[in-house]
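Asks:
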Ligand code: HEM
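Chains as they are written, first to last, in this note's numbering: chain A, 15 to 475; chain B, 3 to 260.
#1: Determine the DSSP secondary structure at residue 113/A, reduced to helix, strand or coil.
#2: Compute the minimum distance between the beta carbon of residue 18/A and the heavy atoms of the ligand HEM, and state whether it is under 7 Å.
#3: Reducing DSSP to helix, strand and coil, say where residue 101/A ends up.
#4: Looking only at DSSP bridge pairs, what is residue 196/B linked to?
#5: Does the beta carbon of residue 226/B come closer than 8 Å to any beta carbon on chain A?
#6: Can we count residue 124/B as close to the ligand HEM, meaning its CB is less than 7 Å from some heavy atom?
#7: Please state the DSSP three-state secondary structure of residue 163/B.
#8: Checking 8 Å against the spacing of the C-beta atoms, do residue 120/A and residue 36/A come in under that value?
#9: What did DSSP end up calling residue 395/A once you bin it into helix, strand or coil?
#10: Considering just the uninterrupted stretch of the beta strand (DSSP E) at residue 62/A, what are its terminal residues?
#11: Does the distance between the C-beta of residue 115/B and the nearest non-hydrogen atom of the ligand HEM fall short of 7 Å?
#12: Between which two residues does the alpha helix (DSSP H) holding residue 453/A run?
#13: Below 7 Å, is the gap between the Cβ of residue 152/B and the nearest heavy atom of the ligand HEM?
#14: What did DSSP end up calling residue 338/A once you bin it into helix, strand or coil?
#15: Ignore the nearest five residues each way along the sequence and tell me which others in residue 63/B's own chain have a CB closer than 8 Å to its CB.
#16: The ligand HEM and residue 362/A: does the residue's C-beta get closer than 7 Å to at least one heavy atom of that ligand?
#17: For the segment 101-108 of chain A against the segment 50-66 of chain A, do three or more pairs of beta-carbon atoms, one drawn from each stretch, fall closer than 8 Å, so that the two count as touching?
#18: Look up residue 474/A in the DSSP assignment and say whether it is helix, strand or coil.
#19: Quick check: is the beta carbon of residue 188/B nearer than 8 Å to any beta carbon in chain A?
#20: Does residue 207/B come within less than 8 Å of chain A when only Cβ atoms are used?
#21: CA-CA distance, residue 418/A and residue 430/A?
#22: When burial is assigned at 16 or more other CB atoms within 10 Å of the CB, is residue 15/A buried or exposed?
#23: Does the Cβ of residue 142/B lie closer than 7 Å to at least one heavy atom of the ligand HEM?
#24: Would residue 12/A and residue 164/B be called neighbours here (beta carbons separated by less than 8 Å)?
#25: What I want to know is whether the C-beta of residue 257/B ends up closer than 7 Å to one or more non-hydrogen atoms of the ligand HEM.
#26: Which residues mark the beginning and the end of the beta strand (DSSP E) in which residue 47/B is found?
#27: By the 10 Å Cβ neighbour count, where 16 or more other Cβ atoms means buried, how is residue 211/B classified, buried or exposed?
#28: List the whole-angstrom C-beta distance separating residue 53/B from residue 219/A, where the pair is believed to meet the contact cut-off of C-beta under 8 Å.
#29: Beta carbon of residue 210/A, beta carbon of residue 258/B: below 8 Å?
#30: Can you give the Cα-Cα distance for residue 83/B and residue 90/B, rounded to whole angstroms?
#31: Does chain A have any CB closer than 8 Å to the CB of residue 54/B?
#32: On a CA-only basis, which of 423/A, 307/A, 93/A and 399/A is nearest residue 373/A? Give me that one, please.
#33: What residue range does the alpha helix (DSSP H) around residue 83/A cover?
#34: Quick one: using the 10 Å Cβ neighbour count with 16 as the cut-off for buried, is residue 206/A buried or exposed?
#35: Since residue 467/A sits in a beta bridge, which residues does DSSP pair it with?
#36: Thinking C-beta only, is residue 190/B closer than 8 Å to residue 392/A?
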C-alpha cells in the first residue's frame, strides 16, 4: 500500500499525471479568462495607468502561473520539485497537529465560517480563488509519497471527485440561495419565479438530456481508460489485511465504531438515518422554500441537513478513507502508515467515573452465585447514572427545550405547530444525531467510553 | 431529385416507426412527445426554470443514465463471469487480460462509484430546493429507498471479483449484522433467547448467517450476493425508478416556486 520508492522513481511515476494536471488547471483558468472577457462580465478591480487589473486578467495570470508549474512537475528534478511541494517541515508539523480532534473540529469550524460568511465566500471571484487554491494545495501535496499513495488508490479516486463535486454544488446552491434571500429582502420573487414561462420539452429538455448523456459517456470512457479497476490478490480467509476497510460509502459508519459498539454503529444508527430521511417531509411543516433555493426562509432545516450530510457523513468518510490506517489508527495526510503505531487507549465508562472517581466507592457488584434477577438489578443499579442520563436526554430534554430559553425561541413554535408526537419524533431524531458529536467530545475530553456499559449482556451504549 | 434523407423519411419502414414528420415545427414537437414510447415519460411542455441545469443539476437524470450504463455493462460482464470459488477470480483476471474491449469492468466499477455519488448529489439538490415538501413527500420516500438500493447494489457487487479487497470489505461490512440487537449472536439481548439452556441465536442462525448463507464470507455468500446483485436488487430498483418517474409527473412536474 504505502510503497516507498526512492524519490526519483516516485517522481518519474507521477510526472505524467502532475504535468497534465497543471496544464488542465491552466486551461481551466484560460477558459475562465476568455469567458469573462467575451461576455463582458469581467470586473475591473484596479487601474494602474493604462493597465486595467480585471478578473479576466487575474484568471489569465493564474493560467500562466500554472503553465509555468507544469514543466517543473514534469522535470523530475528533486530540487525543482521541492519548489512546488509543501515544505517538509510544514508537512511534518501538519501531521503532528492532525488528530481526530483537530480534524473534526477544524472541518466543522471551516464549514461554519463558510456558512456564516456565505455572502462573501459565494461571490464568484472568491469561490473561484478558493477552487484554484484547493486544487493547487492538492497538486502541491501530490509530490508527497504518502499522500499520493492514499489518494491515487483506484477506489479512493472517486472520493476525491466527490469532495470537489460537493464543493462545487454546495457553492452553486449557496450562491443561488444568497441571491434569492437578497431578493426576498427587497420584496422580489426568487430567481426561479422569473423563468416560469412554459417551453416545449422537445427540444429544450430533450436536447439538454442528450448532451448530458454524451458528456457523461465521454467522461466514463475517459475514466475507464485512464484508471484500471483494482484487483488484488485472490481472496484468502487466512490473510487479514490491515487496515480492513468497508467500501468507502460505508466508512462513515465504520468510523462511528470508534465511538459506538457495532449494534449501534452498524444497525441502529443506519436504520435511524434511513428512517429519519424518510420522515423529513412529514416533520418539516415549513411551507416556505418549496421549489427554490433559500436559506433564511428555512434556516433550521437547512443547517440541520447540512450538518448531518456534510459534517457527520462526508467528513467522516474522508477521515475513514484517507486518515485511518493500520489498526484504524489516525494518520496525518502526509504521514507514513506505520502498522506499529500505538495509541494509548485508557477510556473509562460513565459508571466508573461515577462510582470510583466521584463517590470513591467500589462498583456495585452482585454477590457470587446470586440468581439472574438479582444480577440484573445490580447491573441496572451500577449503570443507573448512565441510564438516567440517556433516558433523560431523550425524554426530558425535548420538553425542556420547549420551555426554557434560549432554545425555546426555536422549539416552542415547533412544538405548537407539530403537536406532541411529531415533536417528540423530530427532537429524538435530532438528539440521536447530536449524540455522535457529543460522544466524540466526551471521548476527547474525559475519555468517556460508554454512557451505559453492560458487557455482561453486550449492551454498551 | 429527392435527397437520401428524404427518401428514407418517405419510406414505408420509416413511417411505420415514426408516425409524424420531423419535429421541427410546434405541432410535430408536441406529437413526438406523445407518440414516442421513451419520450412520453416527459410532459409536452415544462416551465423553463424547472428544466434549467442550474436548478436540477440534471442529477436524477445522470443517476438514471448511470443505472442504464450499469445494466448494459453488467449484462456483458455476466457473459463471462461465473460466481464460484473456482472461477470468480480468474474470470475477472481474464476480463482484464484476455477479453477484447476489456473496458467493461472499468466502466461497470467506476459507473457504480459514480452512481453512489450522483444519487447523493441528487438527494442534496432535492433537499436544498425543498422539493420534498407537499405534494412530493411520497416521492422523497421512494427516493430514499432508491438510495438504499443503490448502496446495496454497490455493496453486493463489491464481493464478486473475489479478491482480498472484496472479501474483507464484505466481511467488515457484514460483521455488523452479527451485532444486531437480539438477532445477532454478538448483539445485545441475543443471550436472552435461550430455550432450556440452548441458545437460539448462534453464529449459525443469526442475522449475519442469513445475510452470508454461512458463518463467514464463503461460496454461499458469493452465490447469494450474485443473485441479489444481478437479479433481485436491479428488479426492485427498476420498479421503484418507474414509480419515481411516474410520481414526478403526477406530483405536478419538477418543483418550482408556487
Ligand atoms: C436511483 C436513484 C434515483 C433516480 C434514478 C432518480 C431520478 C430522478 C429524476 C430523473 C428526477 C427528475 C428531476 C431531476 O433530475 O432532478 C427525480 C426527481 C425527484 N427525486 Fe429522484 N432519483 C433517484 C433517487 C432519489 C433520492 C435518493 C431522492 C431523495 C431522497 C429522490 C427524490 C426525488 C424527488 C423528491 C424528486 C422531485 C424533485 C422535484 O420535483 O424537484 N430521488 N428523480
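Cβ coordinates follow ideal geometry from the N, Cα and C atoms, glycine included. Quick caveat, the model's predicted, so the values are computed rather than measured.
Replies: Once the coordinates are examined:
#1: coil
#2: no
#3: coil
#4: 201/B
#5: no
#6: yes
#7: coil
#8: no
#9: helix
#10: 58-62
#11: no
#12: 422-460
#13: yes
#14: strand
#15: none
#16: no
#17: no
#18: strand
#19: yes
#20: no
#21: 15 Å
#22: Per-residue confidence for residue 15/A stands at a pLDDT of 41, beneath the threshold of 50, marking its modelled position as unreliable; no derived number is given.
#23: yes
#24: Past the edges of chain A, shown from 15 to 475, lies residue 12/A, and the structure says nothing about it.
#25: yes
#26: 47-49
#27: buried
#28: 5 Å
#29: yes
#30: 6 Å
#31: yes
#32: 399/A
#33: 69-89
#34: buried
#35: 474/A
#36: no
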